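Numbering of the sequence shown is given in full-length UniProt numbering, commencing with residue 1 and proceeding in unit increments. For each residue, glycine too, the CB sits at the ideal point set by N, CA and C. As the structure is a prediction and not an experimental result, all values here were calculated from the model.
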Amino acid sequence: MQSIYSFRTLLLKSARLLTEQINEYLHTQQLNYSLWQVLFVIDQYQQCTLIDIAQQLHISQPAISKRIFELEQKQCITFIPSNNRREKIVSLSPHGIKLFEYCKQQIDTIEKTHLTQIDPDALNLTKQVLQVFLKNLQDQESAQ
């Protein structure tokens with residue numbers, strides 16, 4: 001059966017539904033998806049500047065500052081001294097690390113429940129397609 005949806009529509013619709021389910025879970029931990037994304041980037045970098053986070057998430061500096069303030073209030077991050085007073089470097093606090101790891105396990109479980117009925121070969125091919133698609137988008141972005 002031919003799908004009536006385009007690749008873009010399927011991708012965006014899937015991402016929206018998955019994000020909504022993840023967000024439902026994160027609310028039980030007093031987080032939301034936008035805060036989770038910041039925690040994810042900080043975990044990937046271990047230590048990073050607010051500019052690094054803004055660039056990775058493609059959002060403005062004020063939007064990052066707001067999220068960082070919220071995460072600081074929740075004691076999820078710590079600021080690391082920098083030689084440059086204008087540059088704020090952050091890392092996950094011990095509480096932030098525990099919260100991140102716990103949430104990551106739960107989010108991985110949510111994802112896995114939706115992938116169980118997909119053939120492993122089809123899933124690997126889909127990952128490859130998405131990796132090429134993402135690379136093409138990133139290459140176009142960096143060329144501008």
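Taken through DSSP and simplified to helix, strand or coil, I80 comes out as strand. Cα atoms of Q73 and S142: separation of roughly 35 Å, rounded to the nearest angstrom. At a Cβ-Cβ threshold of 7 Å, A54 and I64 count as neighbours. Taking a C-beta distance under 7 Å as the contact criterion, Q47 and I77 do not qualify as a contact pair.
Closest option to R67, judged by alpha-carbon separation, among D52, F133, Q128, W36: W36. Residues V41 of the same chain have their beta carbon placed closer than 7 Å to that of Q56, with the five preceding and five following residues left out of the count.
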